[in-house]
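A.B. asks:
Protein chains in written order, with the numbering used here: chain L, 162 to 276; chain S, 380 to 494.
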């Protein structure tokens with residue numbers, strides 16, 4: 162079974178802190194994604210990566226950055242956390258090329274509260 | 380750009396009854412996939428059912444089936460014999476073959492199954 166794990170289920174940070182959210186997948190997937198989930202807005206794509214050291218902006222990249230140094234690991238960074246970044250953050254992965262089914266596999270999510 | 384709309388923010392159904400969740404989408408693409416994902420309370424998002432646009436036959440997975448109307452750009456999910464474990468957020472999602480695995484999600488429908 163595909164497994165996508167996230168470093169924390171719940172996180173509380175103060176305004177201005179630098180926040181790291183980590184995601185690890187064990188299926189050798191090329192593509193990894195970070196989403197933000199807010200009530201009524203569904204999931205919105207923050208950043209995605211299609212290969213090591215490669216990244217592309219999604220729909221709402223402002224205030225975020227990402228890092229992908231190893232294929233299995235994709236990190237989301239909030240350089241200076243703000244209260245409007247309080248949200249649920251979901252990581253997902255999917256294979257590419259001949260293995261692509263377009264089905265994304267999700268981690269359990271990190272509920273981040275910025276006070 | 381593609382958009383996905385779920386017009387029912389919340390729904391409820393009695394256990395053992397049937398419920399239908401609505402989803403419409405807008406795209407100029409011809410080759411794409413549609414998905415329904417389920418997110419139980421405090422649990423991981425999982426795929427419920429997938430439909431490829433070129434297939435005319437509606438997808439079914441046990442108690443879950445879809446009504447795919449390509450011309451109308453409609454993709455509803457029917458849950459038969461509803462069970463308490465079906466209580467969850469349900470998200471409709473779209474991806475085109477050319478989108479690089481990038482999903483577009485609807486805003487979600489919160490389904491409550493009542494005993």
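All C-beta atoms, glycine included, are put in the ideal place defined by N, C-alpha and C.
#1: What's the C-alpha gap between residue 188 of chain L and residue 274 of chain L?
#2: Should residue 171 of chain L be flagged as near chain S, meaning a C-beta pair shorter than 8 Å?
#3: So with CB distances below 7 Å, who are the chain L contacts of residue 412 of chain S?
#4: If contacts are defined as beta-carbon pairs under 8 Å, then residue 484 of chain S and residue 383 of chain S qualify, I think. What distance do you get, rounded to the angstrom?
#5: Using only the alpha-carbon positions, how far apart do residue 228 of chain L and residue 412 of chain S sit?
#6: Apart from the five residues on each side of it in sequence, which residues of its chain come closer than 7 Å, Cβ to Cβ, to residue 220 of chain L?
#7: Can you give the Cα-Cα distance for residue 184 of chain L and residue 478 of chain S, rounded to whole angstroms?
#8: Would you call the segment 263-271 of chain L and the segment 464-471 of chain S in contact, with 3 or more CB pairs under 8 Å?
#9: Residue 237 of chain L and residue 182 of chain L - do their beta-carbons sit closer together than 8 Å?
C.D. replies: Reading it off the structure:
#1: 30 Å
#2: Not an interface residue.
#3: 263
#4: 6 Å
#5: 29 Å
#6: Short of 7 Å from the beta carbon of residue 220 of chain L, and not among the five residues preceding or following it, lie these beta carbons of its own chain, in chain order: 205 and 206.
#7: 23 Å
#8: No: the two stretches stay apart, fewer than three of their Cβ pairs being nearer than 8 Å.
#9: yes
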